[in-house]
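In my numbering, the protein residues as written are 276 to 572.
For every residue, glycine included, the Cβ atom is placed at its ideal position computed from N, Cα and C.
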Amino acid sequence: MSTPQPTVTVVIPAHNRADHVGEAIESVLSQTRPADRIVVVDDASTDATPTVLRSFGARITAVRSDVNIERGAARNLGVRHSDTDYVAFLDSDDRWAAGKLGEQLRLAAPRRAVVTPMRQMDGHGDLYGGVLRAAPDAITRLSVENSFPGAGSSLLVSREDFAAAGGFPEQREVQGSEDWVLLLRLRAAGVQIVTTQHPTLHVRIHAANSTGSAETVERCMLSALDVIDQEELVPASARPELHARTRAVLAAMHARDRSWPRAYRHSRAAWATGARRIAAVGSARAALSAARSLYRG
Numbered sequence: 276m277s278t279p280q281p282t283v284t285v286v287i288p289a290h291n292r293a294d295h296v297g298e299a300i301e302s303v304l305s306q307t308r309p310a311d312r313i314v315v316v317d318d319a320s321t322d323a324t325p326t327v328l329r330s331f332g333a334r335i336t337a338v339r340s341d342v343n344i345e346r347g348a349a350r351n352l353g354v355r356h357s358d359t360d361y362v363a364f365l366d367s368d369d370r371w372a373a374g375k376l377g378e379q380l381r382l383a384a385p386r387r388a389v390v391t392p393m394r395q396m397d398g399h400g401d402l403y404g405g406v407l408r409a410a411p412d413a414i415t416r417l418s419v420e421n422s423f424p425g426a427g428s429s430l431l432v433s434r435e436d437f438a439a440a441g442g443f444p445e446q447r448e449v450q451g452s453e454d455w456v457l458l459l460r461l462r463a464a465g466v467q468i469v470t471t472q473h474p475t476l477h478v479r480i481h482a483a484n485s486t487g488s489a490e491t492v493e494r495c496m497l498s499a500l501d502v503i504d505q506e507e508l509v510p511a512s513a514r515p516e517l518h519a520r521t522r523a524v525l526a527a528m529h530a531r532d533r534s535w536p537r538a539y540r541h542s543r544a545a546w547a548t549g550a551r552r553i554a555a556v557g558s559a560r561a562a563l564s565a566a567r568s569l570y571r572g
């Protein structure tokens, strides 16, 4: 007697993505191991996204939120419309290579979530650059940095494990770091996180990326830190390095954008919270030096 094959729902949140959501859906429909269900959550789109979704007919399940609830809540809503063994997530401006689900499902199991390496593509969908993959110690590094690139668009996890972990955070100010918080919640719930070999996620880098600006990244990363601390998702011994690394990243981003007051403030905070003990000291020190010389004039 053959073993029943696991079932999987793909959840795609979409807000004003008429230009790209069709390509995302087509990449799921083209999987060599088909999804059992595709749920697209139209998160209060005001463009032609609903028209694009209707063009797919019964091949997808379209769920509409008349109020913009943002990515975390939209994904959670999509999961509530699923009844499969596993759920997988794809952002509406990204796409998957054809073997993505099949490779993940061969590794997936209860209490084992699977992510994939990724490549970047431009606004036209042309790939560029090398493969971005999690480091061998990524599960350990997760305590101090978001160490699984693109996880919000590549994660496949048991629906029961997802529910037990509490799903994605829904606070609006956390969105942009919501995948990091979810991975920490999964780890805290005893779920192992493993990575496939092949880069089957293609992440689109374009002007409309919601996490592009330093100000947006600052908001979501600092808000994520608050959630991580409140839920005690990171051991107390790792929190100084977590805060120092986060501040160092923000300092470097603001220095890149020549926002010297903010670069200076985050550099000082990184140093004060322990940057001298970690590799992030380099970026914090560089940003601090530049900010000090320019901000003080």
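For the putative contact between residue 497 and residue 463, defined by C-beta atoms under 8 Å, what is the C-beta separation to the nearest angstrom? Residue 497 to residue 463, Cβ: 20 Å. No contact.
How is the alpha helix (DSSP H) around residue 505 delimited, first residue to last? Looking at the DSSP string, the run of the alpha helix (DSSP H) that includes residue 505 is 489-505.
If you drop the 5 nearest sequence neighbours on each side, which residues of the same chain put their C-beta closer than 8 Å to that of residue 385? Counting only Cβ-Cβ distances below 8 Å, and skipping sequence neighbours, we find 433, 435, 436.
How far does the beta strand (DSSP E) with residue 536 in it reach, from first residue to last? Membership of residue 536 in any beta strand (DSSP E) is not indicated; the residue belongs instead to the alpha helix (DSSP H) covering 535-547.
Taking C-beta to C-beta, are residue 376 and residue 306 nearer than 7 Å? Going by C-beta atoms, residue 376 is nearer than 7 Å to residue 306.
Output the residue ranges of the alpha helix (DSSP H) runs that lie fully inside the region 368-400 and measure 4 residues or longer, sorted by chain position. For the region 368-400, whole alpha helix (DSSP H) runs of length 4 or above, ordered along the chain, are 375-382.
Between the CA atoms of residue 392 and residue 344 - distance to the nearest angstrom: In this structure, the straight-line span from the alpha carbon of residue 344 to that of residue 392 is close to 28 Å.
Segments assigned alpha helix (DSSP H), at least 4 residues, entirely inside the region 279-341: 296-304, 324-329, all fully within the region 279-341.
Bridge partners of residue 364, per DSSP? Looking at the DSSP assignment, residue 364 forms a beta bridge with 286.
Kindly indicate the opening and closing residues of the alpha helix (DSSP H) around residue 468. Note, residue 468: premise wrong, no alpha helix (DSSP H); beta strand (DSSP E) at 467-470.
Where residue 432 sits in the DSSP three-state scheme: Under the three-state reduction of DSSP, residue 432 is assigned to strand.
Just the C-alpha distance for residue 524 and residue 430, rounded to the nearest angstrom, thanks. Between residue 524 and residue 430, the alpha-carbon positions lie close to 24 Å from each other.
Going along the chain, which residues of its own chain have a beta-carbon closer than 8 Å to the beta-carbon of residue 452, five neighbours each way excluded? 421, 495, 496, 498, 499, listed in sequence order.
Looking at chain C, is there any beta carbon in it that lies within less than 7 Å of the beta carbon of residue 497? In the displayed structure, chain C is absent; only one protein chain is listed.
Contact between the region 348-363 and the region 398-408 is defined here as three or more beta-carbon pairs at a separation below 8 Å; is this criterion met? In this structure the region 348-363 does not touch the region 398-408; the number of beta carbon pairs closer than 8 Å is below three.
Look up residue 353 in the DSSP assignment and say whether it is helix, strand or coil. DSSP places residue 353 in helix when its eight states are reduced to three.
Given a cut-off of 7 Å on the beta-carbon distance, is the pair residue 331 and residue 287 in contact? Not closer than 7 Å, so no.
What are the residues that DSSP puts in a beta bridge with residue 479? Answer is 396.
Roughly how many angstroms separate the alpha carbons of residue 505 and residue 369, rounded to a whole number? Whole-angstrom Cα-Cα distance: 32 Å.
Is residue 449 helix, strand or coil when you go by DSSP? Helix at residue 449.
Under the assumption that residue 297 contacts residue 338 (Cβ atoms under 8 Å), give the Cβ distance between them as a whole number of angstroms. The C-beta distance from residue 297 to residue 338 rounds to 17 Å, too long to meet the 8 Å contact threshold.
Give the straight-line distance between the Cα atoms of residue 550 and residue 323, rounded to the nearest whole angstrom. With a pLDDT of 49 at residue 550, under the threshold of 50, the modelled position of this residue cannot be trusted; read the value that follows with caution. Between the C-alpha atoms of residue 550 and residue 323 there is a straight-line separation of about 47 Å.
Using 7 Å as the threshold, is the C-beta distance between residue 389 and residue 383 below it? When the beta-carbon positions are compared, residue 389 and residue 383 come within less than 7 Å of each other.
Three-state secondary structure assigned by DSSP to residue 417: Residue 417 falls in the coil class under three-state DSSP.
Starting from residue 517, trace the alpha helix (DSSP H) in both directions and tell me its first and last residue. According to the DSSP assignment, residue 517 belongs to the alpha helix (DSSP H) that extends over 514-531.
With DSSP as the reference, label residue 456 as helix, strand or coil. Residue 456 sits in a helix when the DSSP states are folded into three classes.
Excluding the five sequence neighbours on either side, which residues of its own chain have a C-beta within less than 7 Å of the C-beta of residue 566, listed in chain order? Residue placement at residue 566 is poorly supported in this model, since its pLDDT is 45, which falls under 50; the coordinates still yield a value, given next. Taken in chain order, the residues that qualify are 530, 535, 538, 539, 542.
Rounded to whole angstroms, what is the Cα-Cα separation between residue 373 and residue 313? Distance between residue 373 and residue 313, taken at the CA atoms: about 15 Å.
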